[in-house]
Amino acid sequence: IKVSTIGGYGDTTVAEHAFGLMIGLAKEFWVHASAVKNGKWVRHTGHELMGKTLGVLGLGRIGQEVVKRATAFGMRCVAFDVYWPEAFAAEYGVERVMTAEGVLPLADVVTLHMNLTDANRGFINARTLATMKRGSYLINTARGGLVVEDDVAEACRSGQLAGYGTDVVDEEPMRPGHPFQSIDS
30 IKVSTIGGYG DTTVAEHAFG LMIGLAKEFW VHASAVKNGK WVRHTGHELM
80 GKTLGVLGLG RIGQEVVKRA TAFGMRCVAF DVYWPEAFAA EYGVERVMTA
130 EGVLPLADVV TLHMNLTDAN RGFINARTLA TMKRGSYLIN TARGGLVVED
180 DVAEACRSGQ LAGYGTDVVD EEPMRPGHPF QSIDS
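Residues are numbered in our numbering as their position in the sequence shown, beginning at 1, plus a constant of 29.
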């Protein structure tokens, strides 16, 4: 079986989606949408991304595209990648962190752009979530298996995470009673 990748295909789309999830969580768009549907107006601005720290786990093509957008929003970027892109990091001022776990306590928003391997399956779990800033955001447009879904849902309920933005789950399609169905953000 031949396996190939198409470099550059979908990178912009996924990066824009990840950044859109980030904006949606920070501005709590679901609050506004729900209020308007119910004929109400809620004056609520959420949080600004400007001046916040974005932690990028996986600084490949998609991670780099996210950094470009974050830089335009005035965010500080810290990142981990096994294959560090020196020239890109220097051009965009990305600060290198030597471990994936080291990124977590530094960031107001963490975005996942890693491949799923046996070594990093469930990387985001109760232990690693506890190292993140309380009230931070987590974005996952990579692979559902990178997170322990029950732990992420609990972190959202407890306020450890202010929100989780994703378009992937470990088992697709999402099963009835999935833990993400019980959280608002």
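Quick reminder that beta carbons are idealized off the backbone N, C-alpha and C, glycines included. On a predicted model such as this, the values are computed, not experimentally measured, just so you know.
- Under DSSP, Ile153 forms a beta bridge with Val176.
- With a cut-off of 8 Å on Cβ pairs, the segment 148 to 164 is not in contact with the segment 53 to 61, counting fewer than three such pairs.
- Take the alpha-carbon of Val107 and the one of Glu124: they are about 5 Å apart.
- Taking Ser211 as reference, the option from Pro202, Gly49, Asp180 and Ala47 with the minimal CA-CA separation is Asp180.
- For Thr41, the uninterrupted alpha helix (DSSP H) run begins and ends at Asp40 to Ala55, by DSSP.
- When DSSP states are grouped into helix, strand and coil, Arg163 belongs to the coil group.
- Sequence-distant partners of Leu133 (beyond 5 residues in either direction) whose C-beta falls short of 7 Å from its own C-beta, in its chain, are Gly84, Val139, Thr157, Thr160 and Met161.
- Cβ-Cβ separation between Ala44 and Glu120: approximately 16 Å, too far for a contact (criterion under 8 Å).
- DSSP places Tyr121 within a helical segment (H, G or I) once states are collapsed to three.
- Taken atom to atom, the span from the alpha-carbon of Glu200 to that of Asp147 is near 16 Å.
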